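If you count by the working numbering, then the sequence shown holds residues -19 to 720, one letter each, in order.
A short worksheet on the structure shown next.
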Amino acid sequence: MIRLHTILPLTPLLGIMACAGGDEPKPDGAKPLVHPHLLLTEDRRADTIARLNDEPWATIWAKLATCAAAPLREPTPGDWDSGAHGANATVAECAATIAYLSDDEAEAEAAAQLSRAAMAVFDDNFEDNSDWDVNIRMPGPLIGYASAHDLLLAAGRIPEDEALALETKLINVTTMFWDEYLEEDVMRQITLGVSQNNHPIRTASAVGVIALAFPDAPDAEEWLNWSVSELSYLWGPTGQYVQSDGGVSEGPFYYGFGLSAAMAFFIAAHNSLDADAVFEADCRNRQDIDPWIGHGCVEGEPFTFNNPLFDPQFHAAVDWSITLRLPSGLRAPKEDGYFNPLNGGALLTGFGGAPHTRWDWENVTERPMEMSHGQNLIPHHLIYVSEEAPSEPPFLTRLMPVAGEAVFRSGWDTDARFVSFIAESGSARKTLHDHVDSTSFSLAAYGEYLLVDPGYYKPNELDNAVTSEPTAHNVLLIDGRGAPEKGLLTNFGDTDASFEQLHDGERIELAEAMMRFEDTDQRRAMIAVDGRYYLVVDRLDPDTTSPREHRWRVGGWASDEVGGAFTQHDDGATWERPLAGVRVTLASTAPGLTPTSPEFVSFEAPYVHEFNLSRDVAHHSVLDGVVNAVAPGFLAVLAPYRVGAELGEDDGPLTVTIRQQGEGWALIQVQLATETHWALSRDPDAPESFTLPEGGIITTDAAFALWSEDGGLAMILHGQSLTLDGVTLAEGDDAVIVVE
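Spelled out as structure tokens, the structure:
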């Protein structure tokens, strides 16, 4: 039932490689096809050539030439070397793109020779493969070589015997790969079934492109049915991979890894398939366990493929990734992941996507215009990046309750202040690459990553990442424990967390998360004040009446090992790097709070991390605020500053002073350049009236209150009124009341 454009037969190919063949028979009403039909169609060639002297296409063309001239890798003898074959396929595709597009005969022929040389190295001894997870490595060789084959046929620059030889090898490899990874139940379940993430996405993308490239292959219809079924499901509303607000369960790094291969397939499908192509559902990789119960797949049921290139949810996932970009443009190392720019998001501008996806792609301090992570997309960017002027995203702070993300951002410049705060539940956290990190936070400011997510340190491939543990994150621990640790595969561990309160105002932005662990209900609020500093407010409601140890943990990227300076204070700590620092001030409503550092064990949580571009495994500094009590409240101020700025300047250090703590309430004074703010946290049984150190009486029934000394800013959380010397600053019945 698949409706493909018709592919021209190979035998008369040399004489009609670039001809339309409009009189050819049209099976099942499909449009006739000419080469190329994977990377692009012939009608895009002239427009692509016309802009090669303009930016950013001139830069992309130069990168394409560099890619085409890269030295070939010799495959490891006795192995089907996916790394070498993938690298050589990239050379072949880049060179073939030049051979097809260039109007310079010498340049085009030289590029064709480079592409053919790369093709000659490819072999089909897949039975010698030794990588169990080769499935995620298949897009490189299969998509790259199939695209190069298509382009050289279109250019008339490959002999028929060479074209047939490469086609045969690609079909042979795909057949052997399919038989081992899709037909064998155990291998499929281990690699694709329990993952439901980039593994099946990349597998389906690779197999699907081969099916599009060679629809007369014996198993092409089955390959394409499965690929389209799998990708439609995973990127769709019931696949649990992308949440309804765009969040992707496995985090930004592996999302990008899957996206790049998927973009290559979706573009090839757009060029090769009729818009109303009909497929039969292939349900072999559906899972009937949480969170995938109710997938609704019916084996063999006809469905029409709706290409995600035009799906708002697919575009929303790119926006989610952009939301998580640090001010540098690199993605935060959330879940299993490292710093990384996104490859493929800007291509959506060629399919009606917003111009800020191009802005995101171009504006990265390291590795701008990324086109290689996960899949070679240099040719795709040359063709599909829109000429519409890029612009900054239309959002700053984003509160995404389904994704479990709250991101507070002061701007899109590289010096902007950025905080990420996590509260995940359901399918947003039930995935192999997830971390037990709800209620954790990270912070970047003034060009530095300061309070960290530890990234992806996984020394044992048969175990979870060391950095997936709750103790590795900036969370509250009770008797040394956080939410339940992960087990293996679908033993997800962890527990649900959710945002109970959200507020996005002019001066106050707030997200309050609720999570239950260790027989305790925890509410943690992250509050951004004027985009300049941040408050973390913790309240606990335990089942027990016995005191326990509580550790308020935070780690920052500074130490003797990684550079910068870490200084512990009697009320918190400071982490400082060359461009910026952050002062963390911590108070408690319970007596006896002691700042300390947890026991250090090399290459163990909470000190170890692996997240920078070079993936260095190293250790950072960690502060624990420790108190033994039944239900202590915590109040923290996160105050970033620019190194070199003076006290009292807008970006300089803030004067943060604990004025009261330990008697059921905590009071902190924050001195900004032009204002003084007060933050008050109180236990449920604490008095409602307090005499301030400088005089004046503050009265509130709220769990938390914030006000400016001039009365121009006020907020209360879980209360109805706030007065100063009898003058009402804020009142109301909502859980969050803000006057700004």
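Glycine is no exception: its CB is placed at the ideal position from the N, C-alpha and C atoms.
Given the structure is predicted, the values throughout are model-derived calculations rather than measurements.
1. With a floor of 3 residues, list each beta strand (DSSP E) that falls wholly inside the segment 230 to 285, ordered by position along the chain.
2. Between which two residues does the alpha helix (DSSP H) holding residue 301 run?
3. Taking the straight line between their C-alpha atoms, what separation do you get for residue 543 and residue 713?
4. Could you compute how far the alpha carbon of residue 21 sits from the alpha carbon of residue 360?
5. Please classify residue 428: does DSSP put it in a helix, a strand, or coil?
6. Kindly give me the distance between the Cβ atoms of residue 118 and residue 186, rounded to whole angstroms, as I take these residues to be in contact under 8 Å.
7. What three-state label does DSSP hand residue 363 in the structure shown?
8. Starting from residue 512, follow its DSSP beta bridges and name the residues at the other end.
9. Please return the same chain residues whose Cβ sits closer than 8 Å to the Cβ of residue 38, not counting the five positions on each side in sequence.
10. Where does residue 621 sit, in a helix, a strand or coil, going by DSSP?
11. Please confirm if the segment 587 to 603 is in contact with the segment 638 to 656, defined as three or more CB-CB distances below 8 Å between the two stretches.
12. How big is the Cα-Cα spacing for residue 225 and residue 96?
13. Starting from the Cα of residue 658, find the closest Cα among 664, 687, 674, 716 and give me that residue.
14. State the CB to CB distance for the pair residue 249 and residue 287, rounded to an integer number of angstroms; the pair is presumed to be in contact (CB under 8 Å).
15. Taking residue 472 as the reference, give the member of 598, 413, 651, 90 with the closest Cα.
16. Quick one, are the C-beta atoms of residue 676 and residue 704 less than 8 Å apart?
17. With three or more C-beta pairs closer than 8 Å as the rule, is the segment 206 to 216 touching the segment 163 to 181?
18. Taking CB distances under 8 Å as the criterion, tell me whether residue 495 reaches chain E.
19. Using only alpha-carbon positions, find the residue among 718, 203, 585 that is nearest to residue 439.
20. Quick one, which of 417, 685, 376 has its alpha-carbon nearest residue 495's?
21. Report the three-state DSSP secondary structure of residue 194 (helix, strand or coil).
22. Can you tell me the Cα-Cα spacing of residue 690 and residue 709, whole angstroms?
23. Report the option in 111, 108, 92 whose CA atom is closest to the CA atom of residue 125.
24. Going by beta-carbon coordinates alone, are residue 322 and residue 340 separated by less than 8 Å?
25. Considering just the uninterrupted stretch of the alpha helix (DSSP H) at residue 157, what are its terminal residues?
26. Verify whether the separation of the beta carbon atoms of residue 240 and residue 353 is less than 8 Å.
27. Mapping DSSP to helix, strand and coil, what is residue 656?
28. Pull up the CB-CB distance for residue 564 and residue 425, whole angstroms please, since I reckon it's below 8 Å.
29. Start and end of the beta strand (DSSP E) containing residue 93?
30. Applying the criterion that 16 or more other CB atoms from any shown protein chain within 10 Å of the CB defines a buried residue, is residue 678 buried or exposed?
31. Tell me the start and end of each unbroken alpha helix (DSSP H) in the segment 488 to 562 that is at least 4 residues and wholly inside, in chain order.
32. Leaving out five residues before and five after residue 390 in sequence, what residues of the same chain have Cβ atoms less than 6 Å from its Cβ?
33. Can you tell me which of the three DSSP states residue 574 falls into?
34. Does DSSP put residue 591 in a helix, a strand or coil?
35. Please report the Cβ distance between residue 258 and residue 308, rounded to the nearest whole angstrom; I am assuming they are in contact, meaning their Cβ atoms lie under 8 Å.
36. Using the rule of at least 16 other Cβ atoms within 10 Å of the residue's Cβ for burial, across every protein chain shown, is residue 479 buried or exposed?
The structure says:
1. Fully enclosed beta strand (DSSP E) runs of 3 or longer: 258 to 260, 282 to 284.
2. Indexing the sequence shown from 1 puts residue 301 at position 321. Residue 301 -> alpha helix (DSSP H) spans 292 to 303.
3. To locate residue 543, count along the sequence shown from 1; it is residue 563. To locate residue 713, count along the sequence shown from 1; it is residue 733. Cα to Cα, residue 543 sits roughly 49 Å from residue 713.
4. Taking the sequence shown and counting its residues from 1, the one referred to as residue 21 is at position 41. Taking the sequence shown and counting its residues from 1, the one referred to as residue 360 is at position 380. Each residue's alpha carbon lies about 12 Å from the other.
5. For the purposes of this step, residue 428 is identified with residue 448 of the sequence shown, where counting begins at 1. The DSSP-derived three-state label of residue 428 is strand.
6. On the sequence shown, position 138 is the one that residue 118 refers to. On the sequence shown, position 206 is the one that residue 186 refers to. Confirmed, Cβ separation roughly 4 Å.
7. Your numbering for residue 363 matches position 383 in the sequence shown. In the structure shown, residue 363 adopts helical secondary structure according to DSSP, grouped into three states.
8. Taking the sequence shown and counting its residues from 1, one reaches residue 512 at position 532. Answer is none; residue 512 lacks a bridge partner.
9. Locating residue 38 in the sequence shown gives position 58, counting from the first residue. Counting only residues of its own chain and dropping the five nearest sequence neighbours on each side, residue 38 has a CB closer than 8 Å to the CB of 32.
10. On the sequence shown, residue 621 is found 641 positions in, with the first residue counted as 1. If DSSP states are grouped into helix, strand and coil, residue 621 belongs with the strands.
11. Output reads no: the segment 638 to 656 does not touch the segment 587 to 603.
12. The count along the sequence shown starts at 1 and reaches residue 225 at position 245. The count along the sequence shown starts at 1 and reaches residue 96 at position 116. Between residue 225 and residue 96, the alpha-carbon positions lie close to 45 Å from each other.
13. Here residue 658 corresponds to residue number 678 of the sequence shown, with the count starting at 1. Answer by Cα proximity: 687.
14. Within the sequence shown, residue 249 is the residue found at index 269, counting from 1. Within the sequence shown, residue 287 is the residue found at index 307, counting from 1. That belief holds up - the Cβ atoms of residue 249 and residue 287 are roughly 6 Å apart, short of 8 Å.
15. Residue numbering aside, residue 472 sits at position 492 when the sequence shown is read from its first letter. The candidate whose alpha carbon is nearest that of residue 472 is 413.
16. Position 696 of the sequence shown holds residue 676. Position 724 of the sequence shown holds residue 704. Taking the C-beta atoms as reference points, residue 704 is found nearer than 8 Å to residue 676.
17. Three or more Cβ pairs drawn from the segment 163 to 181 and the segment 206 to 216 lie within less than 8 Å of each other, which places the two stretches in contact.
18. This model lacks chain E altogether, as it is built from one protein chain only.
19. On the sequence shown, residue 439 is found 459 positions in, with the first residue counted as 1. Minimum Cα distance to residue 439 is reached at 585.
20. Stepping through the sequence shown from its first residue, residue 495 is reached at position 515. The residue from 417, 685, 376 with its alpha-carbon nearest to that of residue 495 is 417.
21. Position 214 of the sequence shown, counted from the start, is the residue given in the question as residue 194. Judged by DSSP in its simplified three-state form, residue 194 adopts coil rather than helix or strand.
22. In the sequence shown, residue 690 corresponds to position 710, counting from 1. In the sequence shown, residue 709 corresponds to position 729, counting from 1. Within the model, the alpha-carbon separation for residue 690 versus residue 709 is close to 10 Å.
23. In the sequence shown, the residue the question calls residue 125 occupies position 145. For the set 111, 108, 92, the Cα lying nearest the Cα of residue 125 is the one of 92.
24. Position 342 of the sequence shown, counting from 1, holds the residue named residue 322. Position 360 of the sequence shown, counting from 1, holds the residue named residue 340. Here residue 322 is near residue 340, since their CB atoms are less than 8 Å apart.
25. For the purposes of this step, residue 157 is taken as the residue at position 177 of the sequence shown. That run of the alpha helix (DSSP H) goes 140 to 158.
26. Within the sequence shown, the letter at position 260 stands for residue 240. Within the sequence shown, the letter at position 373 stands for residue 353. Contact: yes.
27. Along the sequence shown, read from residue 1 onward, the residue named residue 656 stands at position 676. In the structure shown, residue 656 sits in a strand (DSSP, three-state: E or B).
28. Counted from its first residue, the sequence shown places residue 564 at position 584. Counted from its first residue, the sequence shown places residue 425 at position 445. The beta-carbon distance between residue 564 and residue 425, rounded to whole angstroms, is 13 Å. This is too long to meet the 8 Å contact definition.
29. Translated into the one-based positions of the sequence shown, residue 93 becomes position 113. Unbroken run through residue 93 is the alpha helix (DSSP H), 85 to 101; no beta strand (DSSP E).
30. Your numbering for residue 678 matches position 698 in the sequence shown. Per the 10 Å Cβ criterion, buried.
31. If we require 4 residues or more, the segment 488 to 562 turns out to have no alpha helix (DSSP H) run fully inside it.
32. For the purposes of this step, residue 390 is taken as residue 410 along the sequence shown, with counting starting at 1. 396, 397, 511, listed in sequence order.
33. Sequence index remark: in the sequence shown, residue 574 carries index 594 (1-based). Under the three-state reduction of DSSP, residue 574 is assigned to strand.
34. One-based indexing of the sequence shown puts residue 591 at position 611. Coil.
35. Translated into the one-based positions of the sequence shown, residue 258 becomes position 278. Translated into the one-based positions of the sequence shown, residue 308 becomes position 328. Taking 8 Å as the upper bound for CB-CB distance, residue 258 and residue 308 are not in contact here, some 45 Å apart.
36. Translated into the one-based positions of the sequence shown, residue 479 becomes position 499. By the beta-carbon neighbour count (other beta carbons within 10 angstroms, threshold 16), residue 479 is buried.
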